[in-house]
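Working notes, beginning with the structure itself.
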Amino acid sequence: EAQVTQNPRYLITVTGKKLTVTCSQNMNHEYMSWYRQDPGLGLRQIYYSMNVEVTDKGDVPEGYKVSRKEKRNFPLILESPSPNQTSLYFCASSLYTSGSWNTQYFGPGTRLTVL
Amino acid sequence: DQQVKQNSPSLSVQEGRISILNCDYTNSMFDYFLWYKKYPAEGPTFLISISSIKDKNEDGRFTVFLNKSAKHLSLHIVPSQPGDSAVYFCAAKTGGTGGFKTIFGAGTRLFVKA
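Respectively, the protein sequence lines represent chains V and F. So that you can map any letter, position 32 of the first sequence is 143 in our numbering, and since no number is skipped, the others follow by simple counting. So that you can map any letter, position 91 of the second sequence is 251 in our numbering, and since no number is skipped, the others follow by simple counting.
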């Protein structure tokens, strides 16, 4: 079954304590991305990756890091979380071929609370 | 500055009728547009997409129309069903030298009444 998995699904942490949210896909997709969803703002892209070792900033990258050492994994790292990073986070992956975007699959989401 | 706008926070439609969800954008560099549906406690699900070189794409009950001169796209659902009740997001992608960013609208909550 084609899927994107995220862990953990829920996380409560404190300001400044480094955390990592993992994301993995089993569809051999080149393109992966992280988004955050906040009320009234829709989804905002944090970082994306076109392939292994190729990452780029989305619209709201401040305070986040990513890495893409393997094609299937795209972890999101918060080195020093702050309360304004409390949000619902989604990882997604898709296939991009010759200027055409195929279906983008989203993970189930990670609800993060930073106290 | 919102580059993709969904100006209607919510829409209510009777079962069997047409639902029309609208989306406006400002960036002429967008070359691909997508619609997603989202239920509570789940990730968004891809519905339908359209390239900027087309003006219409149809998939079953879902049709997306693109008006490039007006920088406007719309999603038509015909006929609407109660299971279509969800939040719908419009998204736009840049490509090539502009990077491969994705910009989402704030979403429109659709209620389909039985």
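Glycine included, each C-beta is placed from N, C-alpha and C at the ideal position.
The beta carbon of residue 215/F lies closer than 6 Å to those of 226 in the same chain, with the five residues before and after it left out. Within chain F, the residues placing a beta-carbon under 9 Å from that of residue 155/V are 263, 264, ordered along the chain. For residue 120/V, the number of other beta carbons within 10 angstroms of its own is below 16, and it is reported as exposed. Shown here for residue 223/F: same chain residues with a beta carbon closer than 6 Å to its own, the five before and five after excluded, namely 236 in chain order.
The Cβ of residue 220/F sits no closer than 8 Å to any Cβ of chain V.
In this structure, the alpha-carbon of residue 123/V lies about 43 Å from that of residue 176/F. In the three-state scheme derived from DSSP, where H, G and I count as helix and E and B as strand, residue 191/F is classed as coil.
Rounded to whole angstroms, residue 239/F and residue 179/F show a C-alpha spacing of 8 Å.
In the three-state reduction of the DSSP assignment, residue 182/F falls in the strand class, which pools E and B. Proximity of residue 209/F to chain V, defined by a Cβ-Cβ separation below 8 Å, is satisfied. At a Cβ-Cβ threshold of 8 Å, residue 132/V and residue 216/V do not count as neighbours.
Per DSSP, reduced to three states, the secondary structure at residue 265/F is coil, with no helix or strand assignment. With contacts defined as CB atoms closer than 8 Å, residue 154/V and residue 201/V qualify as a contacting pair. Residue contact check for residue 185/V against chain F: no CB pair falls below 8 Å. Shown here, residue 174/F sits in a strand according to DSSP, grouped into three states. Against residue 224/V, chain F offers no close residue; the least beta-carbon distance is about 16 Å (beta-carbon pairs closer than 8 Å).
In this structure, DSSP gives residue 136/V an extended state, which the three-state scheme calls strand.
Per the coordinates, the alpha-carbon of residue 196/V lies some 24 Å from the alpha-carbon of residue 196/F. In the structure shown, residue 243/F falls within a helical segment according to DSSP collapsed to helix, strand and coil.
Beta-bridge partners of residue 218/F (DSSP): 223/F. DSSP places residue 142/V inside the beta strand (DSSP E), whose first and last residues are 142 to 149. DSSP, reduced to helix, strand and coil, places residue 184/V within a strand of the structure shown.
With respect to chain V, the C-beta atom of residue 243/F has no partner C-beta closer than 8 Å.
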